[in-house]
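Undergrad: Just add 1 to wherever you are in the sequence shown, counting from 1, and you've got this note's numbering.
Positions of the beta carbon are idealized from the N, C-alpha and C atoms, including for glycine.
Got a structure for you, questions after.
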Amino acid sequence: MLDTIADIWSDAHPELVDIPGASTDGLSASALRRQVTGHLRHEGFTLVAAYASGSMVGFGYAFPCTPEYWYGELLPEIPEHVRAGRLMGLCELAVTPARQSQGIGSRLHTELIKAINPDYASLLVRPDNTAGRTLYERLGYTYAGPYRNEPSGPVYDLLLLKVDHEADAH
């Protein structure tokens, strides 16, 4: 399954394939494999997948985490009421290009929210990931600040969502 997930991720991010330094920055299929393997250790790790005609066409995974773990240096910028709530870190959400804009990403996101039941969800997105940003804004995520996984790594936008449990129940 890990190879299938890596293939979907690569198909969804063609702009990162074969770019020098992408693997070092954690933006490659091999880096994704390492990331997923490491994240499997987190309590509450949840992976959801979408299938069409018997083939996986999308996936997402997330886990509950502490604000200290997820927000890192941005923690002082995060409002106290957000830090006090149950947090879901959304690590990856990818859909094959042929199946994008069909609601699959939204449904995967909804299933992760249902499974983990957080008060808040947060994710990192590259500023140039137009398709991802469009989906996340439509889902209600707002910009919380710039974020780096490592001091020399790429800058991401940290996005935050207040989960509306009543809307998710319908």
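Just list the alpha helix (DSSP H) runs in the region 37 to 78, keeping only unbroken ones of 4 residues or longer that don't cross its boundaries, in chain order.
TA: Runs of the alpha helix (DSSP H) inside the region 37 to 78: 68 to 72.
Undergrad: With a Cβ-Cβ cutoff of 9 Å, do PHE64 and ALA50 count as a contact?
TA: As a working note, residue 64 is residue 63 in the sequence shown. As a working note, residue 50 is residue 49 in the sequence shown. No.
Undergrad: Could you check where the alpha helix (DSSP H) with ARG149 kicks off and where it finishes?
TA: Residue numbering aside, residue 149 sits at position 148 when the sequence shown is read from its first letter. First-last for ARG149: 143 to 149, but that is the beta strand (DSSP E), not the alpha helix (DSSP H).
Undergrad: In the region 80 to 163, which residue ranges form an unbroken alpha helix (DSSP H) of at least 4 residues, counting only runs that do not cross its ends?
TA: As far as the region 80 to 163 is concerned, its whole alpha helix (DSSP H) runs of at least 4 residues are 81 to 85, 105 to 117, 131 to 140.
Undergrad: Say whether chain D places a C-beta atom closer than 9 Å to the C-beta of SER54.
TA: Given the protein chain composition of this structure (a single chain), no chain D is represented.
Undergrad: Taking contact to mean 3 or more Cβ pairs, one atom from each stretch, closer than 8 Å, check whether the region 36 to 44 and the region 116 to 127 are in contact.
TA: Not touching, per the Cβ criterion.
Undergrad: What does a CB cutoff of less than 7 Å around LEU140 pick up in its chain, not counting 5 residues either side in sequence?
TA: As a working mapping, residue 140 is identified with position 139 in the sequence shown. Around LEU140: SER107, HIS110, LEU162.
Undergrad: Taking buried to mean at least 16 other C-beta atoms within 10 Å of its own C-beta, is HIS171 buried or exposed?
TA: Reading the sequence shown from its first residue, position 170 is the one you call residue 171. For HIS171, the predicted structure reports a pLDDT of 48, less than 50, and the residue's modelled location is therefore unreliable. The matter cannot be settled from this model.
Undergrad: For TYR62, count neighbouring C-beta atoms within 10 Å of its own C-beta (all shown protein chains included) and say buried if the count is 16 or more, exposed if not.
TA: Position 61 of the sequence shown holds residue 62. The residue is buried, with at least 16 neighbouring Cβ atoms inside 10 Å.
Undergrad: Assuming PRO98 contacts ALA13 under a Cβ cut-off of 8 Å, what Cβ separation, rounded to an integer in Å, is found between them?
TA: For the purposes of this step, residue 98 is identified with residue 97 of the sequence shown, where counting begins at 1. For the purposes of this step, residue 13 is identified with residue 12 of the sequence shown, where counting begins at 1. Contact flag correct, Cβ pair sits at about 7 Å.
Undergrad: Go to SER29, then tell me how far its alpha helix (DSSP H) extends in each direction, as first and last residue.
TA: Along the sequence shown, one-based indexing puts residue 29 at 28. Per DSSP, SER29 belongs to no alpha helix (DSSP H) and is neither H nor E.
Undergrad: Find the nearest neighbour of ALA95 within the set ILE117, GLY86, GLU69, ALA132, judged by alpha-carbon distance.
TA: Against the sequence shown, residue 95 aligns to sequence position 94. Measuring from the Cα of ALA95, the nearest candidate turns out to be ALA132.
Undergrad: Just the C-alpha distance for GLY172 and THR5, rounded to the nearest angstrom, thanks.
TA: Limits of the chain in this structure are 2 at one end and 171 at the other, which puts residue 172 out of reach.
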